[in-house]
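Here the structure is laid out as structure tokens; the discussion comes afterwards.
There are 2 protein chains.
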Amino acid sequence: MEVFAGSSGNNAVPPESAHSSLQPVEIEIIHLFIQFAAALGQPRSVAEIYGLLFVSDKPLAMDTLIERLNMSKGSASQGLKYLQDLGAVRTIYVAGDRRTHYVAVAELRKLAGRYLRQQTLTHFEETDSRLDRIAALTQHLSEDQKKHIAERISLLRRWERTGRRVMPFLLKMLGGE
Amino acid sequence: MEVFAGSSGNNAVPPESAHSSLQPVEIEIIHLFIQFAAALGQPRSVAEIYGLLFVSDKPLAMDTLIERLNMSKGSASQGLKYLQDLGAVRTIYVAGDRRTHYVAVAELRKLAGRYLRQQTLTHFEETDSRLDRIAALTQHLSEDQKKHIAERISLLRRWERTGRRVMPFLLKMLGGE
DNA sequence: AAAGTTGTTCAAGATTTTCTGAACTAAAAA
DNA sequence: TTTTTAGTTCAGAAAATCTTGAACAACTTT
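Quick mapping for you: the protein sequence lines, in order, are chains P and B.
Quick note: numbering that gives the first Met the number 0 has the first sequence finishing at residue 176, numbered continuously throughout.
Quick note: numbering that gives the first Met the number 0 has the second sequence finishing at residue 176, numbered continuously throughout.
Here it is in structure tokens:
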């Protein structure tokens with residue numbers, strides 16, 4: 000897909016093959032998600048899919064995404080799987096149509112919650128036990144170093160605890176509605 | 000640098016050239032930061048630098064980092080610049096030594112605060128004005144679509160406001176100390 | 001059956017990001 | 001002045017990531 004520069008003063012020319020049947024509004028919204036995804040280090044294709052589903056009035060099938068975003072089958076399939084696992088997309092049954100249809104999950108709480116969990120939870124779990132082991136490695140160091148490292152380790156422990164405490168609070172702020 | 004698999008059951012063999020003069024504790028701590036950086040999509044070399052400064056008892060010069068992390072001059076220079084701009088590293092004057100020395104800034108509030116700001120602030124600024132423009136693009140669409148998109152846009156507006164509101168609270172939770 | 005849909009998987013290609021090292025500037029020491 | 005040291009910059013190499021498309025599986029329709 001090619002969501003070119005956008006912005007108000009859009010002086011970009013659609014690339015030759017851009018038969019993309021996307022409306023200007025759609026392009027702009029998708030562009031917004033692409034930018035956001037970039038900030039989170041997430042792949043463009045995933046943002047495109049989510050963006051189009053987000054603006055779309057009705058559920059879309061993979062076919063449609065492939066065609067309208069001018070994207071490969073592989074990317075579409077993988078991207079949808081990723082979004083589904085994340086809980087950012089839901090499947091919808093459309094009577095009389097064999098294809099699976101998708102809609103964007105648009106509740107900030109769910110989105111951010113699952114994303115944060117996916118990104119951090121594993122971490123916290125591991126860090127704690129890892130720090131225990133690290134503490135054991137300070138044997139044959141000078142007293143000064145030993146002391147300093149002990150301090151660093153307890154600092155890391157505090158950071159971890161803070162992280163854990165912050166999460167539920169964050170979720171509450173995002174989800175009250 | 001080569002912080003190999005680590006963990007308790009470390010069955011990895013140091014690669015041939017690893018004359019790295021790193022202590023096991025250092026390796027483990029650095030490894031921790033590398034993992035964390037990976038979750039944030041930050042380059043490994045930056046994590047290595049911050050990690051070594053974090054465990055180190057005393058300020059280190061670029062030279063030392065290059066040697067101990069077995070890293071190129073370019074990476075060290077750029078990495079230090081990045082960390083300094085972020086406020087994650089501070090320079091220290093060491094009497095009788097011409098070289099600049101560095102220490103890790105280890106206050107969660109400062110670190111997270113600046114990082115969040117760097118990652119999000121620009122965004123929020125732009126998003127708002129962008130949404131105004133997008134609203135103007137819905138002219139020649141069906142009533143249904145127009146309505147749906149209007150809803151989506153106001154949803155995005157709410158998300159943005161939430162984001163803005165969350166930041167200061169977050170900072171407070173991270174920084175009380 | 002055979003032919004057509006819908007969708008997944010994955011090796012190879014394309015793209016992006018990161019790292020390196022040599023060339024360079026600036027300043028201090030000899 | 002000349003030489004050495006400290007540090008930056010940036011083009012190209014190396015590595016990591018993302019995308020594609022062809023092969024395939026499973027299931028419907030003809």
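No residue lacks a Cβ here, since even glycine has one placed at the ideal position from N, Cα and C.
With its beta carbon at least 8 Å from every one in chain P, threonine 63 of chain B lies outside the interface. Apart from the 5 residues on each side of it in sequence, isoleucine 133 of chain P sits with its Cβ closer than 7 Å to the Cβ of Ile152 in its chain, given in chain order.
For the segment 96-145 of chain B, the continuous beta strand (DSSP E) assignments of 3+ residues that do not extend past its boundaries occur at 100-103, in sequence order. Buried is the label assigned to isoleucine 148 of chain B, since at least 16 other Cβ atoms lie within 10 Å of its Cβ.
Around the C-beta of glycine 78 of chain P, 16 or more other C-beta atoms lie within 10 Å, and the residue is accordingly described as buried. Burial of isoleucine 29 of chain P is indicated by the presence of at least 16 other C-beta atoms within 10 angstroms of its C-beta. Judged by beta-carbon spacing, glutamate 27 of chain B lies beyond the 8 Å limit of leucine 64 of chain P, meaning their Cβ atoms are not closer than that value.
The C-alpha of proline 167 of chain P lies about 13 Å from the C-alpha of lysine 109 of chain P.
Restricting attention to B/Phe53, B/Arg43 and B/Leu170, the CA atom closest to the CA of arginine 116 of chain B is found in B/Leu170.
Relative to the Cα of aspartate 56 of chain P, the nearest Cα in the group P/Val102, P/Ile33 and P/Arg97 belongs to P/Val102. In the DSSP assignment, no residue is bridged to valine 45 of chain P. Taking 8 Å as the cut-off, the Cβ atoms of leucine 107 of chain B and tryptophan 158 of chain P count as close. In the structure shown, leucine 21 of chain P adopts coil according to DSSP, grouped into three states. In this structure, leucine 155 of chain B and leucine 130 of chain B form a Cβ contact; the two beta carbons are roughly 6 Å apart against a cut-off of 8 Å. About 36 Å separates the Cβ atoms of histidine 122 of chain B and alanine 60 of chain B, ruling out a contact at the 8 Å cut-off. DSSP, reduced to helix, strand and coil, places alanine 60 of chain B within a strand of the structure shown. In the DSSP assignment, threonine 90 of chain B is bridged to B/Tyr101. Buried is the label assigned to alanine 111 of chain B, since at least 16 other Cβ atoms lie within 10 Å of its Cβ. Neighbours of valine 88 of chain P in chain B, taken as residues at a C-beta separation under 7 Å, are lacking, since the least C-beta distance is about 15 Å. At least 8 Å separates the CB of alanine 36 of chain B from every CB of chain P.
With fewer than 16 other Cβ atoms from the protein chains shown falling within 10 Å of its own Cβ, glycine 73 of chain P counts as exposed.
The C-beta of histidine 100 of chain P comes no closer than 8 Å to any C-beta of chain B. Between valine 45 of chain P and leucine 82 of chain P the beta-carbon gap is near 6 Å, inside 8 Å, which marks them as a contact. When secondary structure is reduced to three states using DSSP, leucine 39 of chain P falls in the coil class, being assigned neither helix nor strand. Around glutamine 77 of chain P, no beta-carbon contact reaches into chain B at under 9 Å, the shortest distance being about 19 Å.
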